[in-house]
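Colleague:
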Amino acid sequence: MKLAIIGPIKRGYEEIRLLEEAKRIFDSVSYFAIPQLVVEINNEGFDIKYKQKSLLDYDAILPRIPRSYKNYGTAILSLLELAGKRLPIKPISVIGSHNKFLTLIFLAENGVPVPETYLALGRDVVEKILDSLSYPVVLKLLYGSRGLGVMFADSKNSAISVIDALARFNEPIFVEEFVPNPGEDIRAYVVGGKVFASMKRVAKEGERRANIGIGGKGMTYELSEEEKEIAEKAAKALEMEICGIDIIQGPKGPVVIETNVNAQFQGLEKFTGKNVARAIVEYVRELV
Amino acid sequence: MPRIAIIAPEKEGSFLLPEFRKEFGDENVKLFKPEGIVLSVGNKLEARAGNEGVESFDYILLLPPGPKKEFFYMIARIVGNKVKLSINKETLFYFWNPPALFAKLSRHGVKIVPFFVFAHPSSAQDLAAREGFPLVLSTTLGKRIFVNNEETLEDVLKFFSTGQMVRLRKSIKADAIKVFVCGSEVIGIKISPEVSRIRVGKDLREISRKILEILEADFVELRFLEIEGEYYLDSISLVPSFEEFKEVSGRNLAAVIAAEVKKKLHVPSLGEVLDRIVLEVRKFFGGER
């Protein structure tokens with residue numbers, strides 16, 4: 001049984017751990033850096049190769065598609081799906097998860113609670129809705145990760161400043177209701193459609209974002225039944241059998257604020273002691 | 001009378017608006033630029049243009065320019081189950097994905113111009129060494145760049161950003177033909193080596209209509225290369241070249257689309273409505289004769 005892991009050029013903790021665990025289970029494991037893959041389409045069919053190695057020769061595929069290669073990664077997964085490969089992440093999930101507003105659409109379609117959020121390309125139409133919002137509000141880059149590209153505006157005027165900056169750089173304007181919470185969020189890691197591990201992340205003092213990468217602290221956390229159900233429902237909505245789901249406890253109950261198709265799990269493994277990498281590769285093995 | 005929303009960039013929208021107003025009436029057709037649309041989720045999943053929910057229309061014509069295709073996909077995703085669209089969200093998603101789109105069409109028997117796709121400059125250099133020059137590079141936005149040597153290739157590659165998907169194929173000496181297909185109408189023009197009107201033959205008509213059917217779209221523009229009497233698909237666009245077709249073929253594509261949409265929405269004539277009333281009255285009073 002041969003496994004191909006498709007990921008970024010620079011392997012992070014997650015890619016290294018996945019390779020480590022995969023070598024214990026699969027007969028052969030290869031790592032392909034997405035940027036090095038070349039797709040060939042002709043009238044006889046198609047192929048996805050790195051030099052002479054074809055992805056189509058592998059039995060199992062484990063994708064780790066970073067944001068910068070989301071379109072190319074989506075194209076590759078679409079072809080793999082067309083070739084009959086069973087993927088733990090659908091092609092649409094890559095775009096759906098990296099695009100923060102599309103994530104919310106998928107979730108809302110499936111009855112998962114999401115914050116009140118607006119998206120527009122034009123600055124003027126957004127300004128009109130600012131009067132109807134309660135402050136603070138959250139403004140985000142449509143594509144951002146690890147807490148980067150998340151901005152808070154305490155008033156209409158400060159929101160306008162941020163919006164002007166986004167418009168200046170031709171960025172879509174994403175405005176979200178701020179869900180009050182004590183500066184912490186929950187990361188649930190879903191494997192095979194079920195929550196495998198979870199932790200709480202607490203923002204550092206003076207910061208609202210709880211991401212570990214920007215100074216947040218992690219601690220073990222057992223999800224409530226409601227939180228578990230929401231996390232699994234969110235993963236299903238995005239058609240991701242392996243992913244990270246971020247939840248915050250709002251005044252009306254848990255709310256999903258983000259999904260991660262390329263979720264990190266270094267913190268999770270460290271704080272929970274659970275072997276997330278093994279769970280992932282074992283699940284991918286089952287899919288074949 | 002059905003209400004029509006056209007969501008398109010200003011220039012292309014300006015071709016469509018008058019033709020749709022001729023068919024459906026001024027008050028029933030509105031043009032919205034993508035910058036005028038607000039999407040919302042939370043309490044309600046909605047796309048709004050000014051004071052109107054986009055789903056209040058009976059038909060939405062989407063003309064998604066390349067850089068905004070994700071936004072259009074989101075519109076289609078939000079309203080697609082409630083309103084008729086000129087193209088469905090599944091097909092729109094394929095436009096993210098030219099390799100998969102062409103692979104799918106090829107599986108349906110459509111001949112395609114073979115190509116490679118890469119996302120890193122080093123891959124381009126390897127391919128060029130293998131395939132030789134001249135080459136044609138293009139992005140998912142459709143811009144074509146002819147590359148005759150390594151030096152030019154290096155210069156061109158500097159313009160592509162990290163992760164950007166680039167298509168590469170050999171440059172082929174062949175007539176390039178653009179075809180606009182909408183319903184049963186298939187209109188073709190030759191665009192290279194010289195520009196001229198053409199008569200669309202049976203083969204080209206059939207393959208064009210087949211592609212439209214596979215895409216489940218109301219209209220589409222196709223670019224073919226004619227090689228030894230056969231047509232090979234080179235690119236697909238959801239935004240027709242209104243001006244080019246008008247100039248070369250004399251045909252008004254906007255009028256063609258409007259007429260087709262009218263047919264599709266089954267807008268009965270007064271005569272048809274009266275016939276229907278007479279039939280119902282007869283049934284009511286004494287059965288059909």
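Chains A and B, in that order, give the protein sequences.
According to this note's numbering, the residues represented by the first sequence are 1 to 288, in order.
According to this note's numbering, the residues represented by the second sequence are 1 to 289, in order.
In this text, a Cβ means the ideal position worked out from N, Cα and C, and glycines have one as well.
For residue 110 (chain A), which residues from the same chain have a beta carbon less than 6 Å from its beta carbon, with the 5 sequence-adjacent residues on both sides left out?
Modeller: By one-based count along the first sequence, residue 110 (chain A) stands at place 110. Correct list, in chain order: 237.
Colleague: With DSSP run on the structure shown, which of helix, strand or coil describes residue 172 (chain B)?
Modeller: The sequence position of residue 172 (chain B) within the second sequence is 172, counting from 1. DSSP places residue 172 (chain B) in coil when its eight states are reduced to three.
Colleague: Got a sec, what are the start and stop residues for the alpha helix (DSSP H) residue 144 (chain B) sits in?
Modeller: One-based indexing of the second sequence puts residue 144 (chain B) at position 144. Premise fails: residue 144 (chain B) lies in the beta strand (DSSP E), 144-147, not in any alpha helix (DSSP H).
Colleague: Any beta carbon from chain B within less than 8 Å of residue 72 (chain A)'s own beta carbon?
Modeller: In the first sequence, residue 72 (chain A) corresponds to position 72, counting from 1. By this cut-off, residue 72 (chain A) is an interface position.
Colleague: To the nearest angstrom, how far is it from the Cα of residue 270 (chain A) to the Cα of residue 205 (chain A)?
Modeller: Within the first sequence, residue 270 (chain A) is the residue found at index 270, counting from 1. Within the first sequence, residue 205 (chain A) is the residue found at index 205, counting from 1. In a straight line, the C-alpha of residue 270 (chain A) is about 22 Å away from that of residue 205 (chain A).
Colleague: Closer than 8 Å, Cβ to Cβ, to anything on chain B: give me those residues from the segment 51-64 of chain A, in chain order.
Modeller: Flagged: no residues at all.
Colleague: Can you confirm whether residue 139 (chain A), when its beta carbon is compared against all beta carbons of chain B, has any partner nearer than 8 Å?
Modeller: The residue labelled residue 139 (chain A) in the question sits at position 139 within the first sequence. Answer no: the Cβ-Cβ gap between residue 139 (chain A) and chain B never drops below 8 Å.
Colleague: Which whole runs of the alpha helix (DSSP H) in the segment 152-224 of chain A are 4 residues long or more, in chain order?
Modeller: Counting whole runs of 4 or more residues, the segment 152-224 of chain A contains the alpha helix (DSSP H) stretches 156-168.
Colleague: Taking 8 Å as the cut-off, does the segment 117-132 of chain B touch the segment 30-43 of chain A (at least 3 CB pairs, one atom from each stretch)?
Modeller: Enough Cβ pairs lie closer than 8 Å, so yes.
Colleague: Excluding the five sequence neighbours on either side, which residues of its own chain have a C-beta within less than 8 Å of the C-beta of residue 288 (chain B), listed in chain order?
Modeller: In the second sequence, the residue the question calls residue 288 (chain B) occupies position 288. Note that residue 288 (chain B) has pLDDT 48, beneath the 50 cutoff, so the model's placement of it is unreliable and the number below is only indicative. Cβ neighbours of residue 288 (chain B) beyond the five flanking positions: 279, 282.
Colleague: Leaving out five residues on either side along the sequence, give the residues of the same chain with a beta carbon under 8 Å from the beta carbon of residue 126 (chain A).
Modeller: By one-based count along the first sequence, residue 126 (chain A) stands at place 126. Closer than 8 Å at the Cβ level, and outside the excluded window around residue 126 (chain A), lie 118, 120, 163, 173, 175.
Colleague: Taking Cβ-Cβ distances shorter than 9 Å, what residues in chain A pair up with residue 211 (chain B)?
Modeller: Your numbering for residue 211 (chain B) matches position 211 in the second sequence. Here the premise fails: no neighbours, minimum Cβ distance about 15 Å.
Colleague: How would you list, in chain order, the residues of chain B whose beta-carbon sits under 7 Å from the beta-carbon of residue 122 (chain A)?
Modeller: Along the first sequence, read from residue 1 onward, the residue named residue 122 (chain A) stands at position 122. In chain order: 35, 36.
Colleague: Does the beta carbon of residue 112 (chain B) sit closer than 8 Å to a beta carbon anywhere in chain A?
Modeller: Counting from 1 along the second sequence, the entry for residue 112 (chain B) is found at position 112. So yes, residue 112 (chain B) belongs to the interface.
Colleague: Does the separation of the CB atoms of residue 187 (chain B) and residue 179 (chain B) fall below 8 Å?
Modeller: On the second sequence, residue 187 (chain B) is found 187 positions in, with the first residue counted as 1. On the second sequence, residue 179 (chain B) is found 179 positions in, with the first residue counted as 1. It is a contact, given that the beta carbons lie within the stated cut-off.
Colleague: Could you please give the first and the last residue of the uninterrupted beta strand (DSSP E) stretch that includes residue 38 (chain A)?
Modeller: Within the first sequence, the letter at position 38 stands for residue 38 (chain A). Where residue 38 (chain A) is concerned, the enclosing beta strand (DSSP E) stretches over 38-42.
Colleague: In the structure shown, what three-state DSSP assignment does residue 125 (chain B) receive?
Modeller: One-based indexing of the second sequence puts residue 125 (chain B) at position 125. Reduced to three states, the DSSP call for residue 125 (chain B) is helix.
Colleague: Taking CB distances under 8 Å as the criterion, tell me whether residue 6 (chain A) reaches chain B.
Modeller: Taking the first sequence and counting its residues from 1, the one referred to as residue 6 (chain A) is at position 6. It does not: the Cβ of residue 6 (chain A) has no partner Cβ on chain B nearer than 8 Å.
Colleague: According to DSSP, is residue 8 (chain A) helix, strand or coil?
Modeller: As a position in the first sequence, residue 8 (chain A) is number 8, starting the count at 1. Three-state result, residue 8 (chain A): coil.
Colleague: Are residue 112 (chain A) and residue 230 (chain A) closer than 8 Å when you measure CB to CB?
Modeller: Here the question's residue 112 (chain A) lines up with position 112 in the first sequence. Here the question's residue 230 (chain A) lines up with position 230 in the first sequence. Yes, these two residues count as a Cβ contact at 8 Å.
Colleague: Just to confirm, are residue 61 (chain A) and residue 87 (chain A) a CB contact at a threshold of 8 Å?
Modeller: Numbered from 1 along the first sequence, position 61 holds the residue referred to as residue 61 (chain A). Numbered from 1 along the first sequence, position 87 holds the residue referred to as residue 87 (chain A). Yes, the Cβ-Cβ distance between residue 61 (chain A) and residue 87 (chain A) is below 8 Å.
Colleague: Given this structure, state the Cα-to-Cα distance separating residue 205 (chain B) from residue 252 (chain B), to the nearest angstrom.
Modeller: Within the second sequence, numbered from 1, the residue matching residue 205 (chain B) stands at position 205. Within the second sequence, numbered from 1, the residue matching residue 252 (chain B) stands at position 252. Going from the Cα of residue 205 (chain B) to the Cα of residue 252 (chain B) covers about 18 Å.
Colleague: If we ignore side chains and look at the alpha-carbon of each, how far apart do residue 131 (chain B) and residue 170 (chain B) end up?
Modeller: For the purposes of this step, residue 131 (chain B) is identified with residue 131 of the second sequence, where counting begins at 1. For the purposes of this step, residue 170 (chain B) is identified with residue 170 of the second sequence, where counting begins at 1. Spanning the two alpha carbons is a distance of roughly 7 Å.
Colleague: Grab the span of the alpha helix (DSSP H) containing residue 126 (chain A) for me, first residue to last.
Modeller: Position 126 of the first sequence, counted from the start, is the residue given in the question as residue 126 (chain A). Where residue 126 (chain A) is concerned, the enclosing alpha helix (DSSP H) stretches over 123-130.
Colleague: Have a look at residue 98 (chain A) and residue 276 (chain A) and give me their C-alpha separation to the nearest angstrom.
Modeller: By one-based count along the first sequence, residue 98 (chain A) stands at place 98. By one-based count along the first sequence, residue 276 (chain A) stands at place 276. Answer to the nearest angstrom: the Cα atoms are 21 Å apart.
Colleague: CB-CB under 6 Å to residue 258 (chain B), same chain, minus the five flanking residues each way: which ones, in chain order?
Modeller: In the second sequence, the residue the question calls residue 258 (chain B) occupies position 258. Closer than 6 Å at the Cβ level, and outside the excluded window around residue 258 (chain B), lie 19, 20, 23.
Colleague: What does a CB cutoff of less than 6 Å around residue 263 (chain B) pick up in its chain, not counting 5 residues either side in sequence?
Modeller: Start at 1 with the first residue of the second sequence, and residue 263 (chain B) comes out as number 263. Contacts found: none.
Colleague: Helix, strand or coil for residue 138 (chain A) per DSSP?
Modeller: Position 138 of the first sequence, counted from the start, is the residue given in the question as residue 138 (chain A). Strand at residue 138 (chain A).
Colleague: In the DSSP assignment, what residue or residues form a beta bridge with residue 116 (chain B)?
Modeller: Indexing the second sequence from 1 puts residue 116 (chain B) at position 116. In the DSSP output, where bridge partners are listed per residue, residue 116 (chain B) has A:40, B:168.
Colleague: Indicate whether residue 233 (chain B) and residue 156 (chain B) have their beta-carbon atoms separated by less than 8 Å.
Modeller: On the second sequence, position 233 is the one that residue 233 (chain B) refers to. On the second sequence, position 156 is the one that residue 156 (chain B) refers to. Not a contact, by the Cβ cut-off of 8 Å.
Colleague: Got a sec, what are the start and stop residues for the beta strand (DSSP E) residue 249 (chain A) sits in?
Modeller: Taking the first residue of the first sequence as 1, we reach residue 249 (chain A) at position 249. Element bounds for residue 249 (chain A): 242-250.
Colleague: Does any C-beta atom of chain C lie closer than 8 Å to the C-beta of residue 117 (chain A)?
Modeller: You won't find chain C in this structure, because its protein chains are A and B.
Colleague: Can you list, in chain order, the stretches of the beta strand (DSSP E) that have 3 or more residues and sit fully within the segment 35-79 of chain A?
Modeller: Listed in chain order, they are 38-42, 45-50, 60-63.
Colleague: Just tell me which of B:271, B:242, B:236 has its CA closest to the CA of residue 14 (chain B).
Modeller: Indexing the second sequence from 1 puts residue 14 (chain B) at position 14. Minimum Cα distance to residue 14 (chain B) is reached at B:242.
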